[in-house]
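Participant: Sharing a structure with you now.
4 protein chains.
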Amino acid sequence: MPDGGTRVAVLGATGFGGALCARIVHRHPSLELTVATARAEAGRRHDELYPRYAVPQVLEEFDADAVAERAGAALVAYPHKTAALAVRQLRERGLKVVDLSADFRLDQAAYERWYQAHEAPELLGEAVYGLPEAHRDEIAAASLVAGPGCNSTAALLATLPLRGRIEDAVFDIKAGVSGAGREATEETHYSSAAENVNAYKVEGHRHSAEIEQELGPGRFSFLTHLVPLDQGILASCYLTVPGLTKDEAVALYRDAYAAEPFIDVVDSAPHTRHVQDTNRCRVHVTVVGDRTIAFAAIDNLWKGAAGQAVQDLNLMLGLPETEGLE
Amino acid sequence: MPDGGTRVAVLGATGFGGALCARIVHRHPSLELTVATARAEAGRRHDELYPRYAVPQVLEEFDADAVAERAGAALVAYPHKTAALAVRQLRERGLKVVDLSADFRLDQAAYERWYQAHEAPELLGEAVYGLPEAHRDEIAAASLVAGPGCNSTAALLATLPLRGRIEDAVFDIKAGVSGAGREATEETHYSSAAENVNAYKVEGHRHSAEIEQELGPGRFSFLTHLVPLDQGILASCYLTVPGLTKDEAVALYRDAYAAEPFIDVVDSAPHTRHVQDTNRCRVHVTVVGDRTIAFAAIDNLWKGAAGQAVQDLNLMLGLPETEGLE
Amino acid sequence: MPDGGTRVAVLGATGFGGALCARIVHRHPSLELTVATARAEAGRRHDELYPRYAVPQVLEEFDADAVAERAGAALVAYPHKTAALAVRQLRERGLKVVDLSADFRLDQAAYERWYQAHEAPELLGEAVYGLPEAHRDEIAAASLVAGPGCNSTAALLATLPLRGRIEDAVFDIKAGVSGAGREATEETHYSSAAENVNAYKVEGHRHSAEIEQELGPGRFSFLTHLVPLDQGILASCYLTVPGLTKDEAVALYRDAYAAEPFIDVVDSAPHTRHVQDTNRCRVHVTVVGDRTIAFAAIDNLWKGAAGQAVQDLNLMLGLPETEGLE
Amino acid sequence: MPDGGTRVAVLGATGFGGALCARIVHRHPSLELTVATARAEAGRRHDELYPRYAVPQVLEEFDADAVAERAGAALVAYPHKTAALAVRQLRERGLKVVDLSADFRLDQAAYERWYQAHEAPELLGEAVYGLPEAHRDEIAAASLVAGPGCNSTAALLATLPLRGRIEDAVFDIKAGVSGAGREATEETHYSSAAENVNAYKVEGHRHSAEIEQELGPGRFSFLTHLVPLDQGILASCYLTVPGLTKDEAVALYRDAYAAEPFIDVVDSAPHTRHVQDTNRCRVHVTVVGDRTIAFAAIDNLWKGAAGQAVQDLNLMLGLPETEGLE
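These protein sequence lines are chains V, G, X and U, in that order. The opening position of the first sequence corresponds to residue 7 in my numbering, with each subsequent residue numbered one higher. The opening position of the second sequence corresponds to residue 7 in my numbering, with each subsequent residue numbered one higher. The opening position of the third sequence corresponds to residue 7 in my numbering, with each subsequent residue numbered one higher. The opening position of the fourth sequence corresponds to residue 7 in my numbering, with each subsequent residue numbered one higher.
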């Protein structure tokens, strides 16, 4: 890896998350986008599919050796299971990897409970959960980072300052349609999604495993709703934190996030529109009666996926954490 | 009231709720719309303002005597405080009234805590809370009914079968923009409301008083979010009900709502789109871990306001409850 | 057909147009919905798929004999080509048919130019173009009616009063996403369709053949745009009509449509929102300089498809034209 | 003006156009935002009102002397008439100005026909119409530039390569709601604008004067429609250009725009989504029958207002034309 990793491959560059990875890397002052892969659309240029992103890269099929020749680091935006297999090939060739799938977020037991048999369990030991606000130093030292889920990112950023003190939590997530992915389905059809709100996967959402892993044990309920917007997540968190007062809560949050480059602790309930197309997260906390209520608003494709992946990569490569993200 | 109340006045017929009241009454097989009031728009025809509703009634300024001459019942869709004063005038003239404002929903103490000094406290004793699923017989016997708030309607319909057993509840409400009213404000501007989700009135929403009144004491949190759709409310309710199993919960709900003409207990999380422009409410309940999760989806202008008001009026007048609402 | 056709089958009752046909027939005072067909979803109830329409009919696979036993008339909402084959089977069994596809709208030459070889050309002679405002008497006498395309309906209703006088016309159509059908595609994905406007089929839209057939020869351009709403079409028509003044144009339109039950000639540019979920069409005409500008707003699923099909069927069966449509 | 104009004031920095001006200047590598004015919101920080833009500037009331002390150039985003008065004060103090209002776009006669008496007619002689694709050299030499209207920008960019050859043109514009400005009105209310399309100002739109001025005489019709999206304009232009073939048209456009940094001539009808939040314009031209059809898609706040104003300013200051705009 003679270039220190600054030549970057994006695998799966035609999904919503991967496409934005390509765009951010392409414009990044210290990184160079050298490979962008796709299956069905190999041979076409990225900017034919995503004109707004203006990335002239020609898409190609994935070949690990070819990637390793031209890149020192990779952002992998494949579906889970496929991701693990690609990550193994890249790690075997020495690339630093941020994987945006769920494959390396959980320990093996939790993963196999929510997903399926793990395809590359030998790599789980080296993988770091890529939430910089919780694991900055580990990320900086890692060669494999697992990008957190978008809903989990919002839920965790809304509650991290209270880690260890939350007895009971309800995470009510409102997520835009791009979070459901690029596949055209009945649910993502405009005539279903517009003028509609609904919860999904009520009986148990995979992201709850990430919450428990990061926040520690507690009585947690996690539920996601589809709302009719394109990019954006609002996490509304209803917490039981014995003895916490509003002043103390606000002070804790301001303190915890004072040095965070992408977190704004704000004085009123945040709007998803205010973070759209940015890597920022707006957090608000208050205590009403004996319930602590905390919010986080992010753009699911930025701080919830591609932006955060590049933030991780910046840390892994020793670059300024915010580079290419402002 | 020689006509038994079937000649109906709608006061405030140009706001979103009042306009729909006028439309429903106009098409109602047993009711006749004889008066529709407005201030700024008096003299214009209702269907100039709301062509889709096709109500040819000429709008006029409110005059209690004129209304009493031509109507035996009234739906009052004025802002609170103004509503109480109009209701008093109509009650003095013997009209049956459904008031859509908050003025007669609460007892005087609760009202004055959340709103202001009450303008017609002598009427509070006779007012009945107009949620048919909870107070059908009282409504049928009443001369003054207080239409429930739209958010409260959704929250209560999602939880009524568990009344008295809920120790702890989080009511997370997602409400469409029409619920914010017809006034053009920064919040209702398309360029604010589209591509946005945000909570509002986090420190305490007036509707929570209705919840406590109807469900009895408990540790309740109630929070409303603005979502980018026009008509629709989804209430997601996270409940602690000791000992409740999923099977028992489903049985309780099916039993409680078996005879309800407008409530559908459904097998999966409801979509607001599925009740749009109807007076129906779709309810779903499940138990995940030790948390009971219940949902209700309604159209805020129908079951949350105008439709429910006519449902109340049908009961008050001895008409079939569903008449004019299907 | 001992019932005079009032027992009605809807073929293809799970597409957007067919689903609404089923709903309108189900609620129609003089019609009875006896059959609703579907392929993939046979065996399910219609109201599982379209809860808002509240049609409890069980969907079944198409069998011409079974349909003929239980119905005297049919609304066919199949894709073209498939439609022609089904229509032939139904006509052989004596049913009156309104076909919503393009299969019977054009003469054979025009059809085969824009579509493909016709599957049932022997029926073209008896088919009537189902725009009541142009062909009311023929429709009333017909056994096979071809429902006009939704875009053509809007374009024609905006211009019919000037038929024969239009030298040059640009029809610029703005159409909601439901017009693209229920199939989930890249174009109907919320994350493509929201915050977007684009023209499609610029090189020649099939609907232009209907325009020419109905308006007679002229220099006509017809172009459709996808706009981010669910139901609605606005046709903006820029016409060269030598010698026409504004007063004369308005008088012509008011006169032509004076007796039309579903057409409103209005004094300003119409809004699609004002006809949403109705069978109405709002038309406006003016002359600016030497250009006549005419608009029509309809709901593509109602006056543009299912509503108009039932309007046709009412005529064919000797029922009041507006029955079931208000 | 010792700094050569690189210290920049934005007047009217709280409207949609002005707010984006502030953001672009703030991030511009060669410019410094030194003043941002507002009336009602003076004293507040820009990023309180527009968090997404992240401009920390404190808003202040307009004072010409104070502006002249701290800035060598200004972007003026005031309503017309107010703009002219402010521009005069700034020009008297030697600042270079780009004015985004209509005040300096037209000659006095045309202006006073469409607007009102001009407040600073003595400046009309020095003002240059700020469409770089038409007037690049004049803009570079100017001290006062009039930013084109957003609808006109789209219409002109779609047709400029045919200037002088267009006999007849229909410009059908579809414009997002942000183009109607930040004021909350009945038309910008979400519950009016969503699920709606309508034309406005049918009898004559002020922007048509700009078209005639730039394209020369012809039989032109210009009409704008409000469509339910936030940022974006699509101009669909139906042109009569005698003798023009499709190949020639495409060649003409490719040639005319080959060196333009912000114009993409594309092979199919452009989507507004593809230029959202960019200063780019996507243009497509074809010939169908004897009609030339041309499209341009822009973001009304970027290439239609703030982005183009900075593009003008870059030219006026001798900076790279695209600086700060990519």
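In this text, a Cβ means the ideal position worked out from N, Cα and C, and glycines have one as well.
If you draw a straight line from the C-alpha of U/P8 to the C-alpha of U/V82, how long is it?
Facilitator: The sequence position of residue 8 of chain U within the fourth sequence is 2, counting from 1. The sequence position of residue 82 of chain U within the fourth sequence is 76, counting from 1. With a pLDDT of only 41 at U/P8, under 50, the local geometry of the prediction cannot be trusted, and the value read off the model is given with reservation. Cα to Cα, U/P8 sits roughly 21 Å from U/V82.
Participant: Quick one: which chain B residues come within Cβ less than 7 Å of X/A205?
Facilitator: Structure shown: chain B not included; protein chains present are V, G, X and U.
Participant: Please classify U/Y263: does DSSP put it in a helix, a strand, or coil?
Facilitator: Here residue 263 of chain U refers to the residue found at position 257 when the fourth sequence is read from its first residue. If DSSP states are grouped into helix, strand and coil, U/Y263 belongs with the helices.
Participant: For a minimum of 4 consecutive residues, which ranges assigned as the alpha helix (DSSP H) are wholly contained in the segment 33-62 of chain U?
Facilitator: As far as the segment 33-62 of chain U is concerned, its whole alpha helix (DSSP H) runs of at least 4 residues are 52-55.
Participant: Excluding sequence positions up to five away, which residues of its chain have a Cβ less than 7 Å from the Cβ of G/T159?
Facilitator: Taking the second sequence and counting its residues from 1, the one referred to as residue 159 of chain G is at position 153. Only L137, I304, K309, G310 and Q314 meet the Cβ criterion.
Participant: Mind checking if U/L235 is an interface residue toward chain X, Cβ cutoff 7 Å exclusive?
Facilitator: Numbered from 1 along the fourth sequence, position 229 holds the residue referred to as residue 235 of chain U. With 7 Å as the cut-off, U/L235 counts as an interface residue toward chain X.
Participant: Can you check whether the C-beta of U/H195 is within less than 7 Å of a C-beta belonging to chain G?
Facilitator: Here residue 195 of chain U is taken as the residue at index 189 of the fourth sequence, counted from 1. Yes, U/H195 counts as interfacial toward chain G.
Participant: Using only alpha-carbon positions, find the residue among U/L258, U/G24, U/E189 and U/V14 that is nearest to U/A164.
Facilitator: Here the question's residue 164 of chain U lines up with position 158 in the fourth sequence. Nearest option by C-alpha distance: U/L258.
Participant: Where DSSP assigns a beta bridge to X/V2, which residues make up the other side?
Facilitator: The structure shown does not extend to residue 2 of chain X, since chain X is modelled only from 7 to 332, so the question has no answer here.
Participant: Between which two residues does the alpha helix (DSSP H) harbouring X/V73 extend?
Facilitator: By 1-based counting over the third sequence, the position of residue 73 of chain X is 67. Segment A70 to R76, the alpha helix (DSSP H) holding X/V73.
Participant: Which parts of the segment 145-193 of chain U are runs of the alpha helix (DSSP H), unbroken and 4 residues or longer, counting only runs that do not cross its ends?
Facilitator: As far as the segment 145-193 of chain U is concerned, its whole alpha helix (DSSP H) runs of at least 4 residues are 156-165.
Participant: Note down, one range per segment and in chain order, each beta strand (DSSP E) of at least 3 residues found wholly within the segment 241-290 of chain X.
Facilitator: For the segment 241-290 of chain X, whole beta strand (DSSP E) runs of length 3 or above, ordered along the chain, are 269-271.
Participant: Identify the contact partners of X/H280 in chain G, using a Cβ-Cβ distance below 9 Å as the criterion.
Facilitator: Mapped onto the third sequence, residue 280 of chain X falls at position 274. Chain G residues near X/H280: Y56, P57 and R58.
Participant: What three-state label does DSSP hand X/N320 in the structure shown?
Facilitator: Taking the first residue of the third sequence as 1, we reach residue 320 of chain X at position 314. Three-state result, X/N320: helix.
Participant: Using a Cβ cut-off of 8 Å, pull out every chain X residue sitting near U/K180, in sequence order please.
Facilitator: Position 174 of the fourth sequence, counted from the start, is the residue given in the question as residue 180 of chain U. Per Cβ cutoff of 8 Å: K180, V203, H231 and V233.
Participant: Roughly how many angstroms lie between the CA atoms of G/T284 and G/L240, to the nearest whole one?
Facilitator: Taking the first residue of the second sequence as position 1, residue 284 of chain G is located at position 278. Taking the first residue of the second sequence as position 1, residue 240 of chain G is located at position 234. Going by the C-alpha atoms only, they are around 14 Å apart.
Participant: Consult DSSP for G/A200 and reduce its assignment to one of helix, strand or coil.
Facilitator: As a position in the second sequence, residue 200 of chain G is number 194, starting the count at 1. Of the three classes helix, strand and coil, the one that applies to G/A200 here is coil, per DSSP.
Participant: Does G/R297 come within less than 7 Å of chain V when only Cβ atoms are used?
Facilitator: Residue mapping note: residue 297 of chain G aligns to position 291 of the second sequence, counting from 1. Yes, its Cβ sits closer than 7 Å to a Cβ of chain V.
Participant: Could you name the residues that DSSP lists as bridge partners for X/D236?
Facilitator: Sequence index remark: in the third sequence, residue 236 of chain X carries index 230 (1-based). In the DSSP output, where bridge partners are listed per residue, X/D236 has none listed.
Participant: In chain U, which residues lie less than 7 Å from X/V176 when you measure between Cβ atoms?
Facilitator: Residue mapping note: residue 176 of chain X aligns to position 170 of the third sequence, counting from 1. Under the 7 Å cutoff, chain U gives V176 and Y244.
Participant: Tell me the rounded alpha-carbon separation between G/A255 and X/A28.
Facilitator: The residue labelled residue 255 of chain G in the question sits at position 249 within the second sequence. The residue labelled residue 28 of chain X in the question sits at position 22 within the third sequence. About 34 Å.
Participant: Give the straight-line distance between the Cα atoms of U/V294 and X/S107, rounded to the nearest whole angstrom.
Facilitator: Numbered from its first residue, the fourth sequence carries residue 294 of chain U at position 288. Numbered from its first residue, the third sequence carries residue 107 of chain X at position 101. Cα to Cα, the separation comes out at about 26 Å.
Participant: DSSP on V/H231, reduced to helix/strand/coil?
Facilitator: Translated into positions along the first sequence, residue 231 of chain V becomes position 225. Looking at V/H231 - three-state DSSP - the assignment turns out to be strand.
Participant: Mind checking if X/S184 is an interface residue toward chain V, Cβ cutoff 7 Å exclusive?
Facilitator: Within the third sequence, the letter at position 178 stands for residue 184 of chain X. Yes, because at least one Cβ of chain V sits closer than 7 Å to the Cβ of X/S184.
Participant: Let's see if you can read the secondary structure: which residues bound the beta strand (DSSP E) around V/R297?
Facilitator: One-based indexing of the first sequence puts residue 297 of chain V at position 291. Counting along the chain, the beta strand (DSSP E) containing V/R297 begins and ends at R297 to I304.
Participant: Hey, how far is the Cα of V/I145 from the Cα of V/T292?
Facilitator: Position 139 of the first sequence, counting from 1, holds the residue named residue 145 of chain V. Position 286 of the first sequence, counting from 1, holds the residue named residue 292 of chain V. Cα to Cα, V/I145 sits roughly 31 Å from V/T292.
Participant: Of the residues U/A72, U/E67, U/R33 and U/A147, which one's Cα is nearest the Cα of U/V104?
Facilitator: Counted from its first residue, the fourth sequence places residue 104 of chain U at position 98. Cα-wise, what sits closest to U/V104 is U/A147.
Participant: So, are the CB atoms of V/A90 and V/E128 less than 7 Å apart?
Facilitator: Working through the first sequence from its first residue, we reach residue 90 of chain V at position 84. Working through the first sequence from its first residue, we reach residue 128 of chain V at position 122. Against a cut-off of 7 Å, the Cβ pair of V/E128 and V/A90 comes out as no contact.
Participant: Around the Cβ of U/T328, are there at least 16 other Cβ atoms within 10 angstroms (buried) or fewer (exposed)?
Facilitator: For the purposes of this step, residue 328 of chain U is taken as residue 322 along the fourth sequence, with counting starting at 1. When all chains shown are included, U/T328 counts as exposed.
Participant: Counting along the chain, where does the alpha helix (DSSP H) carrying U/A115 start and finish?
Facilitator: Looking up residue 115 of chain U in the fourth sequence gives position 109. Per DSSP, U/A115 belongs to the alpha helix (DSSP H) from Q114 to W120.
Participant: Report the option in U/A312, U/V233 and U/D318 whose CA atom is closest to the CA atom of U/T278.
Facilitator: Here residue 278 of chain U is taken as the residue at index 272 of the fourth sequence, counted from 1. Of the listed residues, the one whose Cα sits closest to U/T278 is U/V233.
Participant: Taking one C-beta from the segment 27-47 of chain G and one from the segment 109-120 of chain G each time, how about it: are there three or more such pairs within less than 8 Å?
Facilitator: They do not touch, by the three-pair rule.
Participant: Beta strand (DSSP E) containing V/R13: first to last residue?
Facilitator: For this step, residue 13 of chain V is matched to residue 7 along the first sequence. First-last of the beta strand (DSSP E) with V/R13: R13 to L17.
Participant: Here's the rule: buried if 16 or more other CB atoms are within 10 angstroms of the residue's CB, otherwise exposed. What is X/R288?
Facilitator: To locate residue 288 of chain X, count along the third sequence from 1; it is residue 282. It counts as buried.
Participant: With C-beta atoms as the reference, is V/I172 less than 7 Å away from V/N157?
Facilitator: The residue you call residue 172 of chain V lines up with position 166 of the first sequence. The residue you call residue 157 of chain V lines up with position 151 of the first sequence. Against a cut-off of 7 Å, the Cβ pair of V/N157 and V/I172 comes out as no contact.
Participant: Against chain V, with Cβ distances strictly below 7 Å, would G/V208 count as a contact?
Facilitator: Stepping through the second sequence from its first residue, residue 208 of chain G is reached at position 202. Chain V, which has a Cβ nearer than 7 Å to the Cβ of G/V208, makes this yes.
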